[in-house]
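Please read the structure below before turning to the comments.
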DNA sequence: GGCATTTAATTTGGATCCAATAAAGCAATA
DNA sequence: TATTGCTTTATTGGATCCAAATTAAATGCC
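Chains as they are written, first to last, in the numbering used here: chain A, 31 to 255; chain B, 31 to 255.
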């Protein structure tokens, strides 16, 4: 909530995400507090937040440890995002796309179209895609009447590998990444089309499939070379 | 984590659930601490947990307030549980029902069958149903390879109206409740059947429909009298 | 009399202190 | 030598203190 507090949570999240603390590592309050240069109090608060987020778990009867994630966990987290974003998309399609939402989505679709149009990818495109992708997904999940779904997605996204922009991993092989983004962009356009036409079931299924793009597509795209 | 800490979270959850603190109420740390007879520290820790759970939200730049939930929020929370439990059911069907899980589910199905068999409901049946229902759902979501889905469901269930056993509301009209539980039991049996047969899509859809039982069924059951 | 600026009070965040509890180490006995 | 019980140590939880920040109030100026 305060700057420092949020920073402690954020910094720990980053450190865990970077693998600075390995899974199974016991995190002592004093040790972490010293490493971060703060007192125990903000660390204790942060630990509770991170426990709720699922990054830490109780280590026996005392203290916390970095949670270990299996490949199955990664897969499930991506699918969880898929069904939740699918739910949001279906709702939006069923209740009808408001004009302003239509306009906003259209804007980011166009941005994506331009990005892909030139037929290849440069380093700086990655951030641009990340931005437009976040906007596209964010608009959809925030345009339904309730924040509950968006909250559930946000909580799931705390798992670093589950977030929507974890599509981009391999910034070395920009050629394969281009194919992936080309498909992702087309997914966006299909979803947008179904939203406009009120095709709830189709929007849901497309969104669910779209979530798998970082998970199931790389092998196929590699084969097709 | 500690007794007292957990108690503070639990007690606050209960107080909020009971409407003891109204939506929009600002919760001051000192005030709550005095009311609960503890110091500010455990209250501060609890606030962070409850914020993550979605029961509290930041009030301006200072403090927390009880979050307000609209009817749309309630509906969405139930649907979120539906899609998540549906995901779990599909996974379980797709990966095949292990013998021990089959046995356990069968046991609780039988319990439900007996409960319904006598054709009416008595007060004490409610707790029994609550128990077997919790077991049935718990087994399914914990039998897939990963805890991520179960965690997401657990977090969603922190919203008091979203939990799976919020089916029972009206313990006065036991007749209508009986009809509801009769249907719920049949849902369970259908889901069990589809799980055993590996019918993933069907299991998923049945589970999603099953989640709506507390939401969409009462009006129809009232009409059919 | 209204608005703005400064001041006071309330509240939260961070640090530290003390107590309770769990883990680890050590010793003694079987 | 192994196991059990006790003592010591480390770590966490709760309370309190102090500082910082935000909100409310009051006073002064236009």
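Note that the Cβ used here is the ideal one computed from N, Cα and C, for glycine as well. Source: prediction; values computed, not measured.
Per-residue DSSP class, three states only, for residue i
i, result
"residue 86 (chain B)", "strand"
"residue 227 (chain B)", "coil"
"residue 57 (chain B)", "strand"
"residue 50 (chain A)", "coil"
"residue 151 (chain A)", "coil"
"residue 128 (chain B)", "coil"
"residue 108 (chain B)", "helix"
"residue 67 (chain A)", "coil"
"residue 192 (chain B)", "coil"
"residue 143 (chain A)", "helix"
"residue 216 (chain A)", "helix"
"residue 203 (chain A)", "coil"
"residue 91 (chain A)", "coil"
"residue 79 (chain B)", "helix"
"residue 242 (chain B)", "coil"
"residue 136 (chain A)", "helix"
"residue 99 (chain A)", "coil"
"residue 256 (chain A)", "With chain A covering only 31 through 255, there is no way to say anything about residue 256 (chain A)."
"residue 221 (chain A)", "helix"
"residue 175 (chain B)", "coil"
Contact set for residue i: own chain, Cβ-Cβ below 8 Å, skip 5 residues either direction
i, result
"residue 93 (chain A)", "56, 57, 58 and 59"
"residue 166 (chain A)", "135, 138, 139, 142 and 218"
"residue 169 (chain B)", "131, 134, 135 and 138"
"residue 179 (chain A)", "114, 117, 118, 121 and 171"
"residue 81 (chain B)", "87, 88 and 94"
"residue 235 (chain A)", "116"
"residue 7 (chain A)", "The structure shown has nothing for residue 7 (chain A), since chain A only spans 31 to 255."
C-alpha gap between residue i and residue j, whole angstroms
i, j, result
"residue 132 (chain B)", "residue 115 (chain A)", "31 Å"
"residue 239 (chain A)", "residue 215 (chain A)", "13 Å"
"residue 70 (chain B)", "residue 164 (chain B)", "35 Å"
"residue 195 (chain B)", "residue 182 (chain B)", "17 Å"
"residue 154 (chain A)", "residue 248 (chain A)", "21 Å"
"residue 16 (chain A)", "residue 210 (chain A)", "This structure gives no information on residue 16 (chain A), because the portion of chain A shown stretches from 31 to 255."
"residue 112 (chain B)", "residue 212 (chain B)", "19 Å"
"residue 118 (chain B)", "residue 97 (chain B)", "29 Å"
"residue 42 (chain A)", "residue 75 (chain A)", "12 Å"
"residue 246 (chain A)", "residue 105 (chain A)", "10 Å"
"residue 185 (chain B)", "residue 157 (chain A)", "31 Å"
"residue 203 (chain A)", "residue 146 (chain A)", "16 Å"
"residue 101 (chain B)", "residue 53 (chain B)", "14 Å"
"residue 257 (chain A)", "residue 229 (chain A)", "No answer is possible for residue 257 (chain A): the residues shown for chain A start at 31 and end at 255."
"residue 225 (chain B)", "residue 126 (chain B)", "8 Å"
"residue 89 (chain B)", "residue 95 (chain B)", "5 Å"
"residue 162 (chain B)", "residue 177 (chain B)", "21 Å"
"residue 251 (chain A)", "residue 79 (chain A)", "38 Å"
"residue 86 (chain A)", "residue 99 (chain A)", "11 Å"
"residue 66 (chain B)", "residue 84 (chain B)", "21 Å"
"residue 174 (chain A)", "residue 103 (chain B)", "10 Å"
"residue 40 (chain B)", "residue 62 (chain B)", "13 Å"
"residue 237 (chain A)", "residue 152 (chain A)", "27 Å"
"residue 160 (chain A)", "residue 91 (chain B)", "30 Å"
"residue 227 (chain A)", "residue 68 (chain B)", "56 Å"
"residue 128 (chain A)", "residue 233 (chain A)", "16 Å"
"residue 220 (chain A)", "residue 144 (chain B)", "49 Å"
Span of the beta strand (DSSP E) around residue i
i, result
"residue 94 (chain B)", "94 to 96"
Close beta carbons around residue i, own chain, < 6 Å, minus the five adjacent residues each side
i, result
"residue 190 (chain A)", "47"
"residue 193 (chain B)", "187"
"residue 241 (chain A)", "108, 111 and 112"
"residue 124 (chain B)", "230"
"residue 206 (chain A)", "251"
Bounding residues of the alpha helix (DSSP H) (the contiguous stretch that carries residue i)
i, result
"residue 183 (chain B)", "178 to 187"
7 Å CB neighbourhood of residue i in its chain, flanking five on each side removed
i, result
"residue 45 (chain B)", "51"
"residue 150 (chain B)", "208"
"residue 64 (chain A)", "none"
Proximity test, residue i beta-carbon vs the ligand GDP heavy atom, cut-off 7 Å
i, result
"residue 82 (chain A)", "With respect to the ligand GDP, the structure offers nothing, as it holds no ligand at all."
Near-chain A residues of the stretch 184 to 195 of chain B (beta-carbon distance less than 9 Å), N- to C-terminal order
185, 186, 189 and 192
Would you list, in chain order, the members of the stretch 173 to 184 of chain B that have their beta-carbon closer than 8 Å to a beta-carbon of chain A?
174, 175, 176, 177, 178, 179, 181 and 182
Output, in sequence order along the chain, the residues in the stretch 106 to 119 of chain B whose CB is closer than 8 Å to any CB in chain A.
106, 107, 109, 110, 113, 114, 116 and 117
Tell me which residues of the stretch 54 to 81 of chain A have at least one Cβ-Cβ distance to chain B shorter than 7 Å, keeping chain order.
74, 75, 78 and 79
Residues, ordered as in the chain, of the stretch 84 to 95 of chain B that lie near chain A by beta-carbon distance below 7 Å:
Listed by position, the residues of the stretch 84 to 95 of chain B near chain A (Cβ gap below 7 Å) are 84 and 88.
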